[in-house]
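Chains as they are written, first to last, in the working numbering: chain A, 1 to 417; chain B, 418 to 701. Scroll down for the structure; my scribbles are underneath it.
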Amino acid sequence: MTVIDADTRDQPMPPGRRPGALSRSSAAMRWLRAPLWLVLLVVGYLLPTLLGGSNRIFSTFVLIAIYAVMTYGLDLVLSYLGEVSLGHTLFWAAGGYVTALVAVKLGWGPGLALVASLVVTTALAFVLGVATIRTREFVFSLVTYGAAFIGLTIAANSALLGGSDGLVGIPVLTLPALGGEYAARTNADLWPVAFALLVLVIILIGRFRRSRLGATALMTQMNPDLAITLGVDIRRVRVLVFALSAPVTALAGWLYAYQRSYISPDLFSPFFLLFMLTAVILPGRRLLLGPLVGSAILTTQSELFSFGGNGDKMFLGGLLAVVLLLSPDGLVGVWRWIVRAIRGRRARGTGLGGRAGGATTSGADGGTGSSVPQGATASRQAGAGSGSTGAAAGGGKPRRGPGVGERVAGSMGVRRR
Amino acid sequence: MNVVPQLVNGVALGAGYALLAVGWTVLLSAARLVNFAHGQLYMLGAFVTWFAISSLGVPYLAAIPIAVVVVAVIGLVMQLLMTRLVLQQNIVSLMLVTLAFGYLIEGGAASIFGGNPEIIDSPFRGHNLTLGSARFTEQDVLILVAALVMYAGTFLVLTRTKVGRVVRGVAEDPKLAQLYGINAAKVYVGVFVFAAASAALAGAVIAPRSPILTSIGFQEVIITFLVVVLGGIGSIIGSLVVGLGLGIFVALFGAFASPAYSTAAAFAVLLVVLVLRPEGFKTR
Numbered sequence: 001m002t003v004i005d006a007d008t009r010d011q012p013m014p015p016g017r018r019p020g021a022l023s024r025s026s027a028a029m030r031w032l033r034a035p036l037w038l039v040l041l042v043v044g045y046l047l048p049t050l051l052g053g054s055n056r057i058f059s060t061f062v063l064i065a066i067y068a069v070m071t072y073g074l075d076l077v078l079s080y081l082g083e084v085s086l087g088h089t090l091f092w093a094a095g096g097y098v099t100a101l102v103a104v105k106l107g108w109g110p111g112l113a114l115v116a117s118l119v120v121t122t123a124l125a126f127v128l129g130v131a132t133i134r135t136r137e138f139v140f141s142l143v144t145y146g147a148a149f150i151g152l153t154i155a156a157n158s159a160l161l162g163g164s165d166g167l168v169g170i171p172v173l174t175l176p177a178l179g180g181e182y183a184a185r186t187n188a189d190l191w192p193v194a195f196a197l198l199v200l201v202i203i204l205i206g207r208f209r210r211s212r213l214g215a216t217a218l219m220t221q222m223n224p225d226l227a228i229t230l231g232v233d234i235r236r237v238r239v240l241v242f243a244l245s246a247p248v249t250a251l252a253g254w255l256y257a258y259q260r261s262y263i264s265p266d267l268f269s270p271f272f273l274l275f276m277l278t279a280v281i282l283p284g285r286r287l288l289l290g291p292l293v294g295s296a297i298l299t300t301q302s303e304l305f306s307f308g309g310n311g312d313k314m315f316l317g318g319l320l321a322v323v324l325l326l327s328p329d330g331l332v333g334v335w336r337w338i339v340r341a342i343r344g345r346r347a348r349g350t351g352l353g354g355r356a357g358g359a360t361t362s363g364a365d366g367g368t369g370s371s372v373p374q375g376a377t378a379s380r381q382a383g384a385g386s387g388s389t390g391a392a393a394g395g396g397k398p399r400r401g402p403g404v405g406e407r408v409a410g411s412m413g414v415r416r417r
Numbered sequence: 418m419n420v421v422p423q424l425v426n427g428v429a430l431g432a433g434y435a436l437l438a439v440g441w442t443v444l445l446s447a448a449r450l451v452n453f454a455h456g457q458l459y460m461l462g463a464f465v466t467w468f469a470i471s472s473l474g475v476p477y478l479a480a481i482p483i484a485v486v487v488v489a490v491i492g493l494v495m496q497l498l499m500t501r502l503v504l505q506q507n508i509v510s511l512m513l514v515t516l517a518f519g520y521l522i523e524g525g526a527a528s529i530f531g532g533n534p535e536i537i538d539s540p541f542r543g544h545n546l547t548l549g550s551a552r553f554t555e556q557d558v559l560i561l562v563a564a565l566v567m568y569a570g571t572f573l574v575l576t577r578t579k580v581g582r583v584v585r586g587v588a589e590d591p592k593l594a595q596l597y598g599i600n601a602a603k604v605y606v607g608v609f610v611f612a613a614a615s616a617a618l619a620g621a622v623i624a625p626r627s628p629i630l631t632s633i634g635f636q637e638v639i640i641t642f643l644v645v646v647l648g649g650i651g652s653i654i655g656s657l658v659v660g661l662g663l664g665i666f667v668a669l670f671g672a673f674a675s676p677a678y679s680t681a682a683a684f685a686v687l688l689v690v691l692v693l694r695p696e697g698f699k700t701r
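Right, here's the structure in full:
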């Protein structure tokens with residue numbers, strides 16, 4: 001599993017439990033953090049109004065919030081568990097379909113619809129997680145991809161779910177409010193709801209990053225051998241995180257159903273899958289605000305600067321490929337590279353004594369240059385580790401593979417003849 | 418209802434599944450690589466064949482090699498771009514990159530070939546043959562022949578020739594193979610291009626059975642997954658057997674239960690197998 005992220009600042013560790021050596025944020029920074037978040041919150045909320053407040057702007061912002069929430073679900077699995085789920089479109093669509101079904105056919109309100117879609121998707125994810133408990137890496141991805149396709153088949157053919165027409169006539173989102181009801185008739189009305197949902201999800205993800213489960217998930221990704229040695233039940237962690245990720249994505253599906261007022265099988269389209277993956281990978285994995293930034297970039301492009309349907313497909317696919325091929329760490333990786341390059345040049349330019357300057361430069365160069373081989377080593381180690389995990393999962397106890405080939409094969413779930 | 422026609426139909430369907438999966442199987446067993454754009458390469462093979470016939474006036478049998486060469490070149494370009502990831506055997510990134518390439522190819526194909534369903538005008542489509550109560554077309558025979566030839570050829574090349582020995586050596590231990598003077602990178606390129614070309618062949622041969630759309634890749638790759646995972650991940654004989662078996666299952670399920678849910682049912686079988694036996698059907 002490749003997570004090429006040497007920077008320890010982003011790792012989910014609580015300040016209290018953080019080893020002193022790794023802590024780089026000073027007390028002043030910690031003091032500044034709360035007001036900074038508050039400013040970000042206020043500016044974020046007012047941004048669509050500041051940008052003119054037209055319906056097009058509001059609909060773009062509502063979609064950014066919805067897509068970001070959708071992406072945060074996948075982010076839990078991709079960034080922290082290190083597995084690639086290709087089945088999150090299933091949870092996204094299931095959230096929307098359950099909402100539409102209970103709202104249109106049973107006349108349930110948004111609150112009950114929310115509960116129903118969360119329960120259904122969590123159960124779905126739990127079943128899928130348990131079924132794939134012994135598969136790893138690409139077999140896991142294959143099965144989740146297949147699950148989404150089966151969801152599409154069922155949605156497109158079942159009379160209950162409206163077949164290829166989908167379910168239409170979802171009522172306006174009305175929430176109980178002070179002095180009556182709050183009915184979200186326009187995108188501008190929906191924005192506070194979408195924004196609140198987004199903030200709640202970000203808080204949830206932030207808590208997850210500091211939680212025991214989050215730390216354990218990261219450990220099973222980075223060093224499965226260590227996790228096993230420390231008595232972590234890797235399978236349990238994987239199922240739990242997977243089951244937690246599904247309702248997050250379903251939340252977005254719930255709001256999307258109300259925003260669009262109809263639901264159709266296009267929720268299963270590969271666009272949403274590619275969107276989620278790109279929105280996590282483009283900014284850089286394991287960043288708290290990464291999926292939000294990614295969703296904002298991609299949604300702004302597709303809503304306001306579209307190249308047409310086919311052009312957007314080529315753009316999204318091409319963008320993901322370019323990021324993975326050129327900078328697997330995403331934009332953060334590019335940023336770090338620039339910072340290191342500038343630092344290296346400055347050190348060389350000022351010439352802090354021949355020896356010291358030389359050392360700094362070579363250190364910086366080593367840093368930039370080694371980011372790729374480091375990643376390679378990390379991935380190889382992780383591959384080796386997960387290989388023995390695969391063996392452990394298969395045979396009950398960790399075995400040592402005889403060679404690199406064996407371990408790589410194990411990490412892919414490939415059995416030798 | 419008579420079972421025999423469904424069995425014959427299932428064999429034709431299953432031969433198609435097996436043919437579609439042969440490239441993936443070799444890719445996994447010989448190079449331990451994955452290609453999630455496989456379905457889109459299949460789609461591209463079908464559309465290049467269609468384009469050659471309908472716009473360039475090339476006869477069907479000559480259009481097939483054109484499609485194979487065009488898609489093989491695209492496969493070569495993909496592989497050259499991914500060289501670093503391939504040498505690291507970075508399966509996760511490869512999976513994501515090929516998925517992205519697939520989406521790129523789909524968008525590109527839709528803008529070149531348009532979004533309408535098209536029909537590949539193969540001369541073998543119209544000719545009906547009968548075998549007892551079963552009816553099938555010459556196209557079905559062509560699919561079966563192509564599948565059997567591809568599997569026999571691949572099996573013989575991998576087990577009996579020097580090229581096969583080199584490929585198996587790299588699969589066994591890339592580092593050791595390199596010590597013996599084998600260029601692993603070249604082997605990976607060769608295997609990947611073979612897989613791409615075989616997807617194009619599958620597209621050119623199977624797709625005339627039904628109208629084609631540029632969005633079919635998403636669906637076709639699911640069948641490939643089913644065959645490869647149930648076949649024991651990288652087992653050539655396993656893929657052929659599972660491909661044929663899956664075809665018969667889908668035909669029978671479609672005839673006696675529900676055609677719309679046949680793929681879903683096949684997938685349910687996969688889930689059960691994964692729970693009971695994570696390595697697939699293959700036993701040692």
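Glycine included, every Cβ here is placed at the ideal spot set by N, Cα and C.
- Within its own chain, the residues whose Cβ lies closer than 6 Å to the Cβ of LEU90 (chain A), once the five positions on either side in sequence are excluded, are ALA147, ALA148 and GLY151, listed in chain order.
- Nearest in C-alpha terms to LEU450 (chain B), of all of B:ARG626, B:THR515 and B:VAL690, is B:THR515.
- DSSP places VAL120 (chain A) in the helix class (H, G or I) of the three-state scheme.
- In terms of CA proximity to SER679 (chain B), B:LEU663 leads the group B:HIS544, B:ARG626, B:LEU663 and B:VAL420.
- A Cβ-Cβ distance of about 22 Å is found for the pair THR278 (chain A) and LEU218 (chain A), leaving them out of contact under the 8 Å criterion.
- If you look at THR554 (chain B), you'll find it in the beta strand (DSSP E) that goes 551-554.
- Here THR216 (chain A) has ALA227, VAL232 and VAL237 as same chain residues with Cβ atoms under 8 Å from its own Cβ, once five neighbours each way along the sequence are excluded.
- Taking 9 Å as the threshold, the shortest C-beta distance from VAL143 (chain A) to chain B falls below it.
- Here the C-alpha atom of GLN595 (chain B) lies approximately 28 Å from the C-alpha atom of VAL645 (chain B).
- With 16 or more other Cβ atoms from the protein chains shown falling within 10 Å of its own Cβ, HIS455 (chain B) counts as buried.
- For a cut-off of 8 Å, the C-beta gap from ALA184 (chain A) to LEU190 (chain A) is around 4 Å, short enough to register as a contact.
- With respect to chain A, the C-beta atom of LEU546 (chain B) has no partner C-beta closer than 9 Å.
- Closest in C-alpha terms to ASP165 (chain A), from the list A:LEU267, A:SER211, A:THR121 and A:LEU230, comes A:LEU267.
- Contact note: GLY648 (chain B) does not reach chain A at a C-beta cutoff of 8 Å; the least C-beta distance is about 12 Å.
- According to the DSSP assignment, TYR182 (chain A) belongs to no alpha helix (DSSP H) but to the beta strand (DSSP E) extending over 180-184.
- Closer than 8 Å at the C-beta level to chain A, one finds these residues of the region 503-528 of chain B: GLN505, GLN506, ASN507, ILE508, VAL509, SER510, MET512, LEU513, VAL514, LEU516, ALA517, PHE518, GLY519, TYR520, LEU521, ILE522, GLU523, GLY524, GLY525, ALA527 and SER528.
- THR578 (chain B) sits in coil when the DSSP states are folded into three classes, being neither helix nor strand.
- Contact between the region 253-268 of chain A and the region 95-114 of chain A is established, with three or more Cβ pairs separated by less than 8 Å.
- Secondary structure at ILE203 (chain A): helix, using DSSP grouped into helix, strand and coil.
- The beta-carbon of THR135 (chain A) is placed less than 9 Å from the nearest beta-carbon of chain B.
- In summary, GLU181 (chain A) is exposed, with fewer than 16 beta-carbon neighbours lying within 10 Å of its beta-carbon over all protein chains present.
- Straight through space, the alpha carbons of SER539 (chain B) and SER471 (chain B) are spaced by roughly 11 Å.
- The residue from B:VAL622, B:ALA685 and B:LEU573 with its alpha-carbon nearest to that of ARG542 (chain B) is B:VAL622.
- With a cut-off of 8 Å on Cβ pairs, the region 240-250 of chain A is in contact with the region 117-135 of chain A, counting three or more such pairs.
- For ALA677 (chain B), there is no enclosing alpha helix (DSSP H), as DSSP gives it neither H nor E.
- Of all residues in the region 618-636 of chain B, only PHE635 and GLN636 come within less than 8 Å of chain A when Cβ atoms are compared, listed by chain position.
- When B:GLY607, B:PRO476, B:ALA526 and B:SER675 are compared, the shortest CA-CA separation from ILE154 (chain A) is found for B:SER675.
- Taking C-beta atoms as the reference points, TYR80 (chain A) and ARG235 (chain A) fail to come closer than 9 Å.
- Our two residues, PHE642 (chain B) and PHE138 (chain A), have alpha carbons roughly 10 Å apart in a direct line.
- In terms of beta-carbon proximity, TYR597 (chain B) stays away from the interface with chain A, with every pair separated by 9 Å or more.
- PRO628 (chain B) carries a coil assignment under DSSP once its states are collapsed to helix, strand and coil.
- The Cβ atoms of TRP441 (chain B) and ALA612 (chain B) lie closer than 9 Å to each other.
- For a cut-off of 8 Å, the C-beta gap from LEU511 (chain B) to MET499 (chain B) is around 6 Å, short enough to register as a contact.
- B:PHE572 is the residue among B:PHE572, B:ILE560 and B:LEU497 whose C-alpha sits nearest the C-alpha of SER656 (chain B).
- By the neighbour-count criterion, in which 16 or more other beta carbons inside 10 Å mark a residue as buried, PRO283 (chain A) falls on the buried side.
- Straight through space, the alpha carbons of LEU47 (chain A) and VAL39 (chain A) are spaced by roughly 12 Å.
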